[in-house]
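Chemist:
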Amino acid sequence: MVIDISHNKPLPNWEKLLQVAQQNTTAKWILRTEQSPRTATISSYIDRLNPGEKSSVLLYRDTNAWCPFCERVWLALEEKQIPFEVELINLKDKPQWYKDMVPTGLVPAVKIEGELVYESKDILLALENKFDSFPLLPKEPQERSVALDMIEAFESNGLVKSGYQFLFYSRQNTEMTPEQKEVQLLSLQTTFETKLDQFEETLGQYPGVYFMQEFSLVDIMYTPAIRRLAVNLPVFRGYSIHNNDRFPRINQWLMAIDQRQAYQRIKPSARTNNLVMQNIFSLQPIYEGKPEPQVEFASLEKDYRMEAAGRLSSNYQTLVADILKNSGIKTWASQESLAIIESVIDLYLRGLVYYLIEGSIPSFSDLSVDAKTEQQNEVKEKAVADPAVGAIALAFLRNRVCVPRDMSANAAVAFQTAIDNMLSCIY
Ligand SMILES: N[C@@H](CCC(=O)N[C@@H](CS)C(=O)NCC(=O)O)C(=O)O
């Protein structure tokens, strides 16, 4: 036990919770005071720099961590164990200095020893040229040239393009009959499947699960797009690459990529990818998303539980404010009760963090909160930890997490599992 709250002691404060979580996770993030998001994942190897030493690489990536091209560069940096710094660019409101600096205005871009490189493919090759740690291209010239050809082929072989045409097909066209639309959709599916057959064949060219003998830049080029297609097509088209007998090598490849150590804190979750398609690209799920399989709390790795606990503790003020503002609580709560409600939300979030750290759900029935009036900042009244407020706060947060912006995919599984378990204890 790390924190003792037995004998009806109050839950620990946020500082204590954050301290314990940070001591028990390898995840690294920074606090971005007064900015959104308030926390950001940083290089796993930043500690390798000497005190005062600047990293030779600065990565410009999108604030929401949705960009598949940024994901490529981020993954290469982690695979090569390069300590790097990050500057987040808000794509909805790109700073003028960024547009002036990068001719395309797009992310990602990097500065390597002060020199600007943009376009993800060019960045990958530049990093490979500059840093010989953990090579991501074969040394043997013939094999290297095959790898470079495969990297070039990403743009021209039509695999990803045909996948996205199938995913984004819109039935809105009013000049076609429903039957004609179905025929068109089926033809897009067939084209994509033919491309997947070619992909399957390419993966068979070398022994092992990757494109080349070893994991390489070729895998990095394809990873973000293929993973996004694999998690979005079942939800928006009812089409599955995963567990599809026609594509055994692609499935092995997806699984191997998913398990790479360097990818663990970068990969997006299926849920985040689906929500991006739904909310940003207005795709409609064709069937209700299956509930994610239940995970046993005991099977969650401590490192990731602690990461979730730490990220939440670093960001609790924003989360409490977000719940108050956007969960619907304000539509029924009286103005006078808001201070108490805020304290109850805070208490349940600390309870969630406590659970992530300790593995046991605190008993809220024994706990009360002190609500302070805003003006006087003094205790006005004591309130019981109303489970209804706790349930709203937890249910709201469960889908709010954006991966990997707010925490890694594995940490998000821990976070959501803990919330599910707490909710089932409330009602
Ligand atoms: N070919 C570019 C594509 C980069 C790209 O499309 N980035 C998008 C984010 S996913 C972007 O910066 N969009 C902002 C905009 O269009 O203004 C690369 O590989 O780096």
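According to the working numbering, the sequence shown is numbered sequentially starting from 255.
Even glycine gets a Cβ: it sits at the ideal position worked out from N, Cα and C.
1) If you draw a straight line from the C-alpha of Q629 to the C-alpha of I577, how long is it?
2) Tell whether a beta-carbon distance below 8 Å holds between Y314 and I296.
3) Mind reading off the beta-carbon distance from I680 to A645? Whole number of angstroms is fine, and I expect it under 8 Å.
4) Output yes if chain B places a C-beta closer than 8 Å to the C-beta of S553; else output no.
5) Any heavy atom of ligand 1 closer than 7 Å to the CB of E373?
6) State the CB to CB distance for the pair I480 and L487, rounded to an integer number of angstroms; the pair is presumed to be in contact (CB under 8 Å).
7) Quick check: L423 and L440, are their CB atoms within less than 8 Å of each other?
8) Return the chain-ordered list of same chain residues with a C-beta closer than 6 Å to the C-beta of C725, the five sequence neighbours on each side being excluded.
9) Is the closest heavy atom of ligand 1 to the C-beta of D347 under 7 Å?
10) Quick one: using the 10 Å Cβ neighbour count with 16 as the cut-off for buried, is S536 buried or exposed?
11) Label T671 either buried or exposed according to how many other C-beta atoms from any shown protein chain fall within 10 Å of its C-beta, with 16 as the threshold for buried.
12) Taking 8 Å as the cut-off, decide whether the C-beta atoms of A563 and I611 are in contact.
13) Count the other CB atoms within 10 Å of the CB of M676; is the residue buried (16 or more) or exposed (fewer)?
14) With distance defined between alpha-carbon atoms, name the residue in D557, G582 and L606 nearest to A663.
15) Report the CB separation of N569 from T293 in whole angstroms; it is logged as a contact under 8 Å.
16) To the nearest angstrom, report how far apart Q277 and I511 are at their CA atoms.
17) Return the first residue and the last residue of the beta strand (DSSP E) that A645 is part of.
18) Is the Cβ-Cβ distance between L271 and Y602 less than 8 Å?
19) Determine the burial state of L285: buried for a count of at least 16 other Cβ atoms within 10 Å of its Cβ, exposed for fewer.
20) Less than 8 Å between the C-beta atoms of R326 and I534, yes or no?
21) For T287, which of R659, R604, R654 and Q571 has the nearest alpha-carbon?
22) Which one or two residues does DSSP pair with L457 in a beta bridge?
23) Report back the beta-carbon spacing between R729 and W283 to the nearest angstrom; my notes put them in contact at under 8 Å.
24) Compute the Euclidean distance between the alpha carbons of E333 and G613, then round it to the nearest angstrom.
25) Can you check DSSP and say which residues form a bridge with A668?
26) Is P362 near ligand 1, in the sense that its beta carbon is under 7 Å from a heavy atom of that ligand?
27) Say yes only if the C-beta of G763 is nearer than 7 Å to one or more non-hydrogen atoms of ligand 1, and no if none qualify.
28) According to DSSP, is R659 part of a helix, a strand, or is it coil?
29) Near A319, what residues of its chain come up, given a Cβ to Cβ distance below 7 Å and the 5 sequence neighbours on each side ignored?
30) Measuring straight from C-alpha to C-alpha, what distance separates E632 and Q273?
31) Quick one: Cα of V414 to Cα of E555, how far?
32) State the start and end residues of the unbroken beta strand (DSSP E) segment that holds T295.
33) For ligand 1, I want to know if F501 counts as a neighbour, meaning its beta carbon is within less than 7 Å of at least one of the ligand's heavy atoms.
34) If you follow the beta strand (DSSP E) that K365 is part of, which residue opens it and which one closes it?
35) From I673 to E367, what does the alpha carbon distance come to, in whole angstroms?
36) Ligand 1 and P322: does any heavy atom of the ligand fall closer than 7 Å to the residue's C-beta?
Modeler: Based on what the coordinates show:
1) For Q629, the predicted model reports a pLDDT of 44, less than 50, meaning its position is unreliable; a value from the coordinates is still stated below. Each residue's alpha carbon lies about 22 Å from the other.
2) no
3) 5 Å
4) The chain inventory of the structure shown lacks chain B, comprising one protein chain alone.
5) yes
6) No, I480 and L487 are not in contact; Cβ-Cβ is about 11 Å, not under 8 Å.
7) Position check: residue 423 holds Tyr in this sequence, whereas Leu was assumed. No, the pair does not count as a contact, with Cβ atoms beyond the cut-off.
8) As shown, the chain starts at 255 and ends at 681. That puts residue 725 outside it, with no answer to give.
9) no
10) exposed
11) buried
12) yes
13) buried
14) D557
15) 5 Å
16) 28 Å
17) Where A645 is concerned, there is no enclosing beta strand (DSSP E), although the alpha helix (DSSP H) it sits in stretches over P641 to R652.
18) no
19) exposed
20) no
21) Q571
22) Answer is none; L457 lacks a bridge partner.
23) Because the chain in this structure spans residues 255 to 681, residue 729 falls outside the shown range and cannot be described.
24) 32 Å
25) According to DSSP, A668 bridges with nothing at all.
26) yes
27) Here the chain comprises residues numbered 255 to 681, so residue 763 is not present and cannot be evaluated.
28) coil
29) P658 and R659
30) Reliability fails at E632, whose pLDDT of 46 lies under 50, so the model's placement of it is uncertain and no value is given.
31) 34 Å
32) T293 to T295
33) no
34) A363 to I366
35) 44 Å
36) yes
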